[in-house]
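Residue numbers (my numbering): -12 to 191.
Report on one structure; see the data block that follows.
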């Protein structure tokens, strides 16, 4: 349960932050939020996109295991370090994925909502987000499944969850119990994959 909780909170934090910050990493979305064709506005938008995407690169540049080591050293042992490690790495991955998805939106819906005189945030909410929402949900569920697997080993560095038990059992040569935990992890990932598939089937 602790492993699932770490993966769930890490993914949820990352999804919320990535969904918002991705708007600053997409030229299409930023052009809607900050319209205008003056040289200054174009330059500011280009700078915003560049630094936002470099931020995504920095967050996903380190493996979750390395980030867990860093956070354990900063805040101490426990599951909170694992949550932060997964959140930072997943934010970098989903931020780039969401920003790339925003670049592919169709102009028809955007022009239709803009023609009604809607403000920029309404254009994004009603013309942009509906086009990319199924893809964003799909990628978020995929990362959650991946984070469950990642969370199962973060305990090896003191970040809580079942990895801590696996490490303890390995050191005491209780290999049968380690095998049971590995089977449990496989079953858990398979169950999550099945549930995520059912959710996506309802959305598409």
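Glycine included, C-beta positions come from ideal geometry on N, C-alpha and C.
Buried versus exposed, by CB contacts within 10 Å (16 or more), residue i
i	result
residue 83	buried
residue 132	buried
residue 76	buried
residue 150	buried
Beta-carbon proximity list for residue i, same chain, < 7 Å, skipping 5 on both sides
i	result
residue 81	1, 2, 5, 126, 127 and 130
residue 12	36, 39, 40, 43, 82 and 86
residue 122	88
residue 138	-10, -7, -6, 69, 73 and 148
residue 9	82, 85, 86 and 89
Other residues of its chain near residue i: CB distance less than 6 Å, five sequence neighbours each side excluded
i	result
residue 107	19 and 20
residue 100	110, 113 and 114
Helix, strand or coil at residue i according to DSSP, with G and I counted as helix
i	result
residue 81	helix
residue 90	coil
residue 104	coil
residue 128	helix
residue 120	helix
residue -5	helix
Other residues of its chain near residue i: CB distance less than 8 Å, five sequence neighbours each side excluded
i	result
residue 183	128, 129, 131 and 132
Notebook entry, point to check: Is there contact between the stretch 16 to 33 and the stretch 41 to 52, where contact requires at least three CB pairs shorter than 8 Å?
Noted result: no
Checklist line | Meets three-Cβ-pair contact criterion under 8 Å: the stretch 37 to 44 and the stretch -2 to 13 | finding: yes
Margin query: Extract the residue ranges of the alpha helix (DSSP H) inside the stretch 134 to 190, only unbroken runs of 4 or more that lie entirely within it.
Written below: 149 to 158 and 162 to 190
Check: Per the contact definition of three or more C-beta pairs closer than 8 Å, is the stretch 163 to 170 in contact with the stretch 93 to 106?
Finding: no
Next item on the list: Tell me the start and end of each unbroken alpha helix (DSSP H) in the stretch 5 to 85 that is at least 4 residues and wholly inside, in chain order.
Entry: 14 to 20, 26 to 47 and 51 to 62
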